[in-house]
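Colleague: Please find one structure pasted underneath; my questions will follow.
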Amino acid sequence: MLMSTLMPWRSKSNDDDGASTALSRLHDEVDHLFGRFFEDAFGVTPGMTAGDMGWAPLLDVSETDDEIRVSAEIPGIDPKEFDVSVTGNVLTISGEKKEESEERKGNVYRTERRFGTFRRSITLPDNVDTEKVSADYDRGVLTVHLPKTEKATAKRIPVSASKKK
């Protein structure tokens, strides 16, 4: 086997001075850096796009005085095909997407199948009551309701200075 078959293909044009390749690599590194920053800072793994190797639903996270609400667009999937769980302080939404379309026009026949698993996890704050979590699925949108626990009241503790003689 030739070594060149293992190497990625690159154009060998005479007017390519390597600057565009270097800029492309820099762009990829900055994208990766920002992706990791938002993943680490907010505890949300970024959703995959069509250009990625898989698919995962994007999440909307909102907060009120009473609850945290996580919504995920998961159209065309039977609610029996996905799972919502809370382990410790991590909410996980996972499932399997199966999609098939068929078209017949005259003597043309086309069938397309798309499938794959997905998994999204988000770290929850400490004030979520994991025993009262609920979820509903309506018109392709999964909404997870995470009620907050009773707010801990802060108690002020006076500090007295001792008098030394």
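According to this note's numbering, the stretch in the sequence shown is residues 884 to 1048, in order. By construction, the Cβ of each residue, glycine as well, lies at the ideal position given by its N, Cα and C atoms.
Leaving aside the five residues before and after S984 along the sequence, list all residues of the same chain whose C-beta is less than 6 Å from its C-beta, in chain order.
Modeller: To locate residue 984, count along the sequence shown from 1; it is residue 101. So the qualifying residues of the chain are E995.
Colleague: Determine the burial state of A1044: buried for a count of at least 16 other Cβ atoms within 10 Å of its Cβ, exposed for fewer.
Modeller: One-based indexing of the sequence shown puts residue 1044 at position 161. Burial call: exposed.
Colleague: Looking only at its chain, what residues have a beta carbon closer than 6 Å to the beta carbon of L1025, apart from the 5 residues adjacent to it on each side?
Modeller: For this step, residue 1025 is matched to residue 142 along the sequence shown. Hits under 6 Å: A955 and I957.
Colleague: Run the CB neighbour count on A905, radius 10 Å, all protein chains shown included, and call it buried at 16 or more, exposed below.
Modeller: For the purposes of this step, residue 905 is taken as the residue at position 22 of the sequence shown. With fewer than 16 other Cβ atoms within 10 Å, it is exposed.
Colleague: With L1007 as the anchor, note down where its beta strand (DSSP E) starts and where it stops.
Modeller: As a working note, residue 1007 is residue 124 in the sequence shown. Counting along the chain, L1007 falls outside any beta strand (DSSP E), and DSSP gives it neither H nor E.
Colleague: Going along the chain, which residues of its own chain have a beta-carbon closer than 8 Å to the beta-carbon of E950, five neighbours each way excluded?
Modeller: In the sequence shown, residue 950 corresponds to position 67, counting from 1. Answer for E950: H1028, L1029, P1030 and K1031, listed in chain order.
Colleague: Tell me whether D914 sits in a helix, a strand or coil according to DSSP, three-state version.
Modeller: Residue 914 sits at position 31 when you count from the first residue of the sequence shown. The answer is helix: DSSP assigns D914 an H, G or I state.
Colleague: Would DSSP call S1043 helix, strand or coil?
Modeller: Within the sequence shown, the letter at position 160 stands for residue 1043. Correct three-state label for S1043: coil.
Colleague: Would the stretch 960-973 count as touching the stretch 994-1008 if we require 3 or more Cβ pairs under 8 Å?
Modeller: Taking 8 Å as the limit for Cβ pairs, the verdict is that the stretch 994-1008 does touch the stretch 960-973.
Colleague: With L1025 as the anchor, note down where its beta strand (DSSP E) starts and where it stops.
Modeller: Counting from 1 along the sequence shown, the entry for residue 1025 is found at position 142. Looking at the DSSP string, the run of the beta strand (DSSP E) that includes L1025 is V1024 to P1030.
Colleague: Report the three-state DSSP secondary structure of E1033 (helix, strand or coil).
Modeller: In the sequence shown, the residue the question calls residue 1033 occupies position 150. In this structure, E1033 counts as coil in the three-state DSSP scheme.
Colleague: Run through the DSSP bridge pairs and tell me what T904 is partnered with.
Modeller: As a first step, residue 904 must be located in the sequence shown, where it is residue number 21. T904 pairs with nothing; no bridge assigned.
Colleague: Mind checking who V953 pairs with in its DSSP beta bridge?
Modeller: Within the sequence shown, residue 953 is the residue found at index 70, counting from 1. Answer by DSSP bridge pairing, in chain order: V944 and V1027.
Colleague: What span of residues does the beta strand (DSSP E) with D1019 cover, start to end?
Modeller: Against the sequence shown, residue 1019 aligns to sequence position 136. Where D1019 is concerned, the enclosing beta strand (DSSP E) stretches over S1017 to D1021.
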